[in-house]
Amino acid sequence: MLTIDAAGMITDPRVRNARATTIERGDMSAVNGIIVHQTGGSTAASSLNSYKTSVAGAHLLVDKDGTIYQTASLYKRTNHVGRLRARCLAEHRCSPAETKALQSFNPRAEHTREIAKSAPDRYPSNQDSIGIELVGETVANSDFGRVAGAAERVYVTVTDAQNASLKWLIDEISVALKVPMMEVFRHPTVSRKTDSEASTARW
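Spelled out as structure tokens, the structure:
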């Protein structure tokens, strides 16, 4: 099983310590989920450099060759999720009042209603989830302009090495921090992000 020290850092030869306290936003009292992202940049160095001055970032970063960097304590919150989508809508269990409120498109109000709920009635948020970033840029979508609803740019395919490291991380973290596998999500599922982000991630 994964060993996590008192500071929330993983002690395993597969994980390199690249902690950036600048992205840590205070203590995280519970971990209720894991969110999988792609960076939007083509190199690990660009993300690691941005974390030195950014207030946003994830706990772990997986390079294209599968190298894993831990960039924040697993016991600290980071800003990696954004405004939450209504989980009840995706799971077809909204109350009549929620259904009525959701008829008006208002992501800010939707997030305010969701964040007031307890997990798992809502998706995992910044306050209670581990973020894993996979290095991966966006590229021009060859279907843009030819297929209705096609985005102008899409995220590159996650590498086999990244998926192997991602699967290992999620398996280990889910056991160590008692996170149910059903509470592991791609970023666009829980927040309004580009649909192709992490679409090829596998765990």
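Take the sequence shown: its position 117, counting from 1, is numbered 117 in the UniProt record's numbering, and each next residue is one higher. Heads up, the beta-carbon is just placed ideally off N, CA and C, and yes, glycines get one too.
For the beta strand (DSSP E) containing residue i, name the first residue and the last one.
i       : result
Asn-32  : Neither: Asn-32 is in no beta strand (DSSP E) and is coded neither H nor E.
Thr-78  : 76-78
Ser-129 : 129-140
Asn-17  : 15-17
Val-184 : 184-186
Ile-68  : 68-70
Hey, how far is the Cα of residue i from the Cα of residue j?
i       : j       : result
Thr-189 : Asn-126 : 14 Å
Ser-47  : Met-182 : 28 Å
Ala-101 : Glu-91  : 16 Å
Pro-180 : His-111 : 23 Å
Ser-73  : Asp-27  : 9 Å
Asp-12  : Ala-30  : 22 Å
Run through DSSP, which three-state label would residue i get?
i       : result
Lys-167 : helix
Arg-153 : strand
Ser-191 : strand
Val-175 : helix
For residue i, collect the residues of the same chain with a Cβ closer than 7 Å to its Cβ; drop the 5 residues on either side in sequence, then sort them by chain order.
i       : result
Ile-68  : Arg-14, Val-15, Arg-16, Leu-60, Val-62, Ser-165 and Leu-169
Val-156 : Gly-136, Glu-137 and Val-139
Lys-52  : Ala-20 and Thr-22
At a cut-off of 8 Å, would you count residue i as near the ligand COA, judging by its Cβ distance to the nearest heavy atom?
i      : result
Ser-42 : Absence of the ligand COA from the depicted structure is noted, as is the absence of any ligand whatsoever, leaving it without description.
What span of residues does the alpha helix (DSSP H) with residue i cover, start to end?
i       : result
Thr-55  : Residue identity differs from the one stated: residue 55 is Val in this sequence, not Thr. Segment: none, Val-55 is in no alpha helix (DSSP H) and carries neither H nor E.
Ala-97  : 96-102
Ile-115 : 107-115
Report the partner residues of residue i according to the DSSP bridge assignment.
i      : result
Gly-40 : Glu-137
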